[in-house]
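Listed in order, the protein sequences are those of chains A and B.
First residue of the first sequence: 14, per the numbering used here; consecutive thereafter.
First residue of the second sequence: 14, per the numbering used here; consecutive thereafter.
So the structure is just underneath, and the comments pick up after that.
2 protein chains.
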Amino acid sequence: MGAHFASQLSGNDGFSPLAVRPGAARPAGTPVQRVAAGTIVFAEGDVADSVFEVVSGTLRLHKVMVDGRRQVTGFVSGGRLLGVAQSGECLCTAEAVTPAVLRRHPRAAFERRIDAEPGLARRILAEMCNDLRRAQDQMLLLGRKSAVEKVASFLLSLAADEDGDYADSIDLPMSRTDIADYLGLTTETVSRTFTKLRNDGLIALPCPVSVEFLDLDQLEDLATGGADGDGWARRPGIC
Amino acid sequence: MGAHFASQLSGNDGFSPLAVRPGAARPAGTPVQRVAAGTIVFAEGDVADSVFEVVSGTLRLHKVMVDGRRQVTGFVSGGRLLGVAQSGECLCTAEAVTPAVLRRHPRAAFERRIDAEPGLARRILAEMCNDLRRAQDQMLLLGRKSAVEKVASFLLSLAADEDGDYADSIDLPMSRTDIADYLGLTTETVSRTFTKLRNDGLIALPCPVSVEFLDLDQLEDLATGGADGDGWARRPGIC
DNA sequence: CGAATGGTTGACGCTTCTCAAACTACGTGG
DNA sequence: CCACGTAGTTTGAGAAGCGTCAACCATTCG
C-alpha cells in the first residue's frame with residue numbers, strides 16, 4: 014500500500030503557465046504526459062510530491078476501506094488542478110478513466126511559485142473553494158438524497174457548463190460502477206434508476222454511455238427535491 | 014432567504030494575528046464577539062464578506078434542501094477558521110451550537126494580507142487542505158458506512174486530539190438531531206445506535222450528552238470497517 | 001465461435017426510515 | 001412544592017428503499 018505509482022508517469026516539467034481555466038494560455042509544445050485509461054496517477058498514501066494539471070481526459074478520485082468498499086470523491090476533467098490539497102501524503106487515489114493528458118509540477122517548485130506570485134495563491138485558493146463547494150454539495154447528495162435524486166443530480170452536473178446552461182446530451186466517460194461508488198449506491202440501483210428515468214420519459218439512452226435529456230425541467234426538480242409531482246405542497250415548516 | 018444575519022454580530026476587528034492553531038499568539042484584549050447558542054453567524058447565500066476565527070465554542074455548518082431536508086457539513090470549534098472557502102456567497106449556514114467567541118476579519122483586508130504575507134497564504138492553504146480531507150472522509154462515511162460505523166467514526170473523531178490519541182470520555186455539544194443530519198441518519202437511528210453501542214459494552218452514557226469510552230479498540234475497528242468479529246477474513250480482492 | 005466484461009433485470013431480505021408513543025429533564029406558574 | 005407544558009431523547013412496530021444474490025443480455029476481443 015502506498016506504492017509510488019506516480020513513477021509510472023514519465024516525462025518532465027518545463028513549467029508552463031499553470032492554466033487553471035480551460036483555454037487559458039497553453040504554449041504549444043510544453044512538456045505534457047499522456048496516460049492510458051486505467052493509469053493510476055497517484056495512490057492514497059503516496060508522498061504528495063507533485064501537482065497535476067489536467068489538460069484533457071477525465072480522472073477519478075477515490076478512497077477505499079480495508080474491506081474493499083469504495084467511495085469516489087470526485088471526477089476531474091480538462092482544465093482543472095489535481096493534488097493541490099495534499100499536505101504530506103495523497104488523500105485519495107487518482108486514476109484515469111479515459112486516456113488523459115497531464116502536466117506535472119513538482120510540489121516544491123509549485124509552492125515556491127505560490128509564495129512568489131501573490132495573485133497565483135488567490136487563484137489556487139479559488140480553485141480549492143470550488144473543490145470544497147463540490148464536496149459540500151456531494152455530502153448533501155450522499156446524506157440526504159434518494160437514488161433518483163442522486164442520479165438526476167449527477168447527470169445534470171455533467172451536463173452543466175460554466176454558465177449554468179445544460180447540454181442536450183452527454184457521453185458518460187465512466188462506468189456504472191464508478192457512478193455507483195460516486196453516488197453511494199450499487200451498480201444495480203444505478204442501472205435501475207437509469208431505466209426508471211428512461212421509462213418516465215426524462216432521458217433517452219441510445220447506448221449505455223450516452224444520455225439524451227428529454228425533460229430538463231423535471232430532472233432539475235428531481236435533483237433539488239423541488240416539486241414532487243404537482244409542483245405544490247412542500248413539507249410544512251420551511252416555505 | 015439569504016438574509017444578512019451576519020449583522021447580528023456586533024463589534025469590530027482590531028486585526029489580531031489570525032491564530033490558526035489553538036494556543037497560538039492571541040494578545041489579550043483583541044476585539045472578539047460573543048454569541049449565544051443558536052446564533053446564526055452567516056446563512057447560505059449571504060454575501061461572504063467576512064472570515065471568522067473561532068476562539069471558543071462550537072459552530073455547525075449545514076445546507077438545507079427546499080423541502081427541509083438538512084445536511085450538516087461539519088462542526089467547527091476553537092482554533093479554526095471559518096468562511097475562507099467562500100467566493101462570493103456563503104456555501105452553507107453557520108450556527109453556534111454552544112455559546113461561542115469569534116473574531117471577525119473583513120474579507121477584503123483578509124485577502125490583502127494573504128497577498129502581502131506569502132507564508133500566510135500557505136498556512137491558509139494548509140487549513141483548507143484539512144477541510145478538504147475532512148470532507149473526503151465524510152463522503153466515504155456518508156456513502157459507504159453503516160449506521161454503527163458512522164456513529165463509531167463520529168465519536169472517535171470527537172475524541173481524537175491532534176496527536177491521534179483518544180480521550181477517555183467526551184461531552185457532545187450538539188443535539189441528536191445535529192448528529193443525525195451530520196451522519197445522514199435520523200435521530201431515531203442515532204439514538205438506537207448509541208443504545209446498541211452501550212449494550213455491547215463499547216461506551217457508557219451517564220447522560221445523553223456525555224460519552225465514556227469502554228473499548229476504544231473495538232470502536233476503531235467498527236469505524237474503519239476493519240475487523241468484523243474474529244479479526245480475520247476480509248473481502249477477497251484486496252489484501 | 002466462445003470467453004470475458006460490463007450492463008440490465010428479477011426476487012428476496014435487511015437496514016434504515018416513518019409514524020407513534022412513552023420517558024426524561026427543565027422551566028413556568030399556580 | 002407540585003402540576004403542567006415543552007423540548008429532547010428513547011423505544012417500539014410496521015413499511016419501504018436499497019442492497020444482495022443470481023440470472024440474463026450485449027458487446028468486445030481473442
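Ideal Cβ positions, reconstructed from N, Cα and C, are used throughout, including at glycine.
Here the structure is a predicted model, which is why all the values come from computation and not from measurement.
Separation of residue j from residue i, as counted between CA atoms
| i | j | result |
| --- | --- | --- |
| serine 100 of chain B | alanine 217 of chain B | 43 Å |
| arginine 82 of chain A | alanine 129 of chain B | 45 Å |
| valine 110 of chain A | leucine 74 of chain A | 10 Å |
| leucine 72 of chain B | valine 85 of chain B | 11 Å |
| aspartate 62 of chain A | threonine 190 of chain A | 30 Å |
| leucine 229 of chain B | leucine 215 of chain B | 7 Å |
| proline 44 of chain B | methionine 187 of chain A | 52 Å |
| glutamine 231 of chain A | histidine 118 of chain A | 43 Å |
| asparagine 212 of chain A | alanine 113 of chain A | 34 Å |
| leucine 198 of chain A | phenylalanine 207 of chain A | 13 Å |
| proline 131 of chain B | leucine 154 of chain A | 36 Å |
| aspartate 80 of chain A | valine 203 of chain A | 22 Å |
| arginine 146 of chain A | lysine 76 of chain B | 11 Å |
| aspartate 234 of chain A | glutamate 162 of chain A | 9 Å |
| glutamate 140 of chain B | valine 97 of chain B | 9 Å |
| glycine 238 of chain B | alanine 160 of chain B | 11 Å |
| leucine 171 of chain A | arginine 116 of chain A | 23 Å |
| alanine 41 of chain A | leucine 185 of chain A | Note that alanine 41 of chain A has pLDDT 47, beneath the 50 cutoff, so the model's placement of it is unreliable and the number below is only indicative. Distance between the alpha carbons of alanine 41 of chain A and leucine 185 of chain A: 29 Å. |
| lysine 209 of chain B | glutamate 201 of chain B | 12 Å |
| valine 48 of chain A | asparagine 143 of chain A | 25 Å |
| alanine 56 of chain A | arginine 205 of chain B | 37 Å |
| arginine 50 of chain B | serine 69 of chain B | Looking at the sequence shown, residue 50 of chain B is not arginine but alanine. About 12 Å. |
| leucine 94 of chain B | isoleucine 137 of chain B | 9 Å |
| phenylalanine 123 of chain B | valine 54 of chain B | 18 Å |
| arginine 157 of chain A | cysteine 105 of chain B | 15 Å |
| glutamate 175 of chain A | serine 182 of chain B | 48 Å |
| tyrosine 179 of chain B | alanine 173 of chain B | 4 Å |
| glutamine 46 of chain A | leucine 196 of chain A | 30 Å |
Residue i classed as buried or exposed, judged by whether at least 16 other C-beta atoms fall within 10 angstroms
| i | result |
| --- | --- |
| histidine 108 of chain B | It should be noted that the sequence gives glutamate, not histidine, for residue 108 of chain B. Label assigned to glutamate 108 of chain B: buried. |
| threonine 52 of chain B | buried |
| serine 223 of chain B | exposed |
| cysteine 220 of chain A | exposed |
| alanine 134 of chain A | buried |
| valine 89 of chain B | buried |
| glycine 177 of chain A | exposed |
| aspartate 194 of chain B | buried |
| arginine 34 of chain A | Summary for arginine 34 of chain A: the model assigns pLDDT 43, below 50, so the residue's position carries little reliability; its value from the coordinates is reported in the next sentence. So arginine 34 of chain A counts as exposed. |
Residue-chain proximity (residue i, chain A), Cβ-Cβ < 7 Å
| i | result |
| --- | --- |
| glycine 103 of chain B | Reading the sequence as shown, one finds cysteine at residue 103 of chain B and not glycine. No, cysteine 103 of chain B lies away from the interface with chain A (no Cβ there is under 7 Å from its Cβ). |
| glutamine 231 of chain B | no |
| serine 204 of chain B | no |
| glycine 80 of chain B | It should be noted that the sequence gives aspartate, not glycine, for residue 80 of chain B. Closer than 7 Å to some Cβ of chain A, the Cβ of aspartate 80 of chain B qualifies, so yes. |
| serine 63 of chain B | no |
| methionine 187 of chain B | no |
| alanine 98 of chain B | yes |
| leucine 171 of chain B | no |
| arginine 147 of chain B | no |
| arginine 157 of chain B | yes |
| alanine 165 of chain B | no |
| proline 131 of chain B | yes |
| alanine 139 of chain B | yes |
Identified DSSP bridge partners for residue i
| i | result |
| --- | --- |
| phenylalanine 123 of chain B | In DSSP, phenylalanine 123 of chain B forms no bridge with anything. |
| valine 85 of chain A | A:His75 |
| isoleucine 183 of chain B | B:Val224 |
| isoleucine 53 of chain B | B:Glu108 |
| serine 170 of chain B | Answer is none; serine 170 of chain B lacks a bridge partner. |
| glutamine 151 of chain A | Answer is none; glutamine 151 of chain A lacks a bridge partner. |
| glutamate 140 of chain A | Answer is none; glutamate 140 of chain A lacks a bridge partner. |
| valine 67 of chain A | A:Leu115 |
| alanine 217 of chain B | B:Glu225 |
| arginine 93 of chain A | DSSP, once it has assigned bridges, lists no residue as partnering arginine 93 of chain A. |
Residue i Cβ short of 6 Å to the ligand NAP heavy atom set
| i | result |
| --- | --- |
| aspartate 228 of chain A | In the structure shown, the ligand NAP is absent, as is every other ligand, since no ligand is present at all. |
Whole-Å CB distance - residue i paired with residue j, under 8 Å assumed
| i | j | result |
| --- | --- | --- |
| valine 67 of chain B | glycine 87 of chain B | No, valine 67 of chain B and glycine 87 of chain B are not in contact; Cβ-Cβ is about 12 Å, not under 8 Å. |
| leucine 169 of chain B | alanine 236 of chain B | 5 Å |
| phenylalanine 226 of chain A | isoleucine 192 of chain A | Going by Cβ atoms, the distance from phenylalanine 226 of chain A to isoleucine 192 of chain A rounds to 17 Å, so no, they are not a contact pair. |
| arginine 125 of chain B | valine 64 of chain B | 12 Å between Cβ atoms; not a contact. |
| methionine 152 of chain B | alanine 165 of chain A | At roughly 19 Å, the Cβ-Cβ gap does not stay under 8 Å, so methionine 152 of chain B and alanine 165 of chain A are not in contact. |
| aspartate 59 of chain A | cysteine 103 of chain A | 5 Å |
Within-7 Å CB hit, residue i to chain B
| i | result |
| --- | --- |
| alanine 37 of chain A | Because the pLDDT at alanine 37 of chain A is just 40, under 50, the model does not fix this residue reliably, and the value given afterwards should be weighed accordingly. Answer no: the Cβ-Cβ gap between alanine 37 of chain A and chain B never drops below 7 Å. |
| arginine 136 of chain A | no |
| lysine 76 of chain A | yes |
| threonine 86 of chain A | yes |
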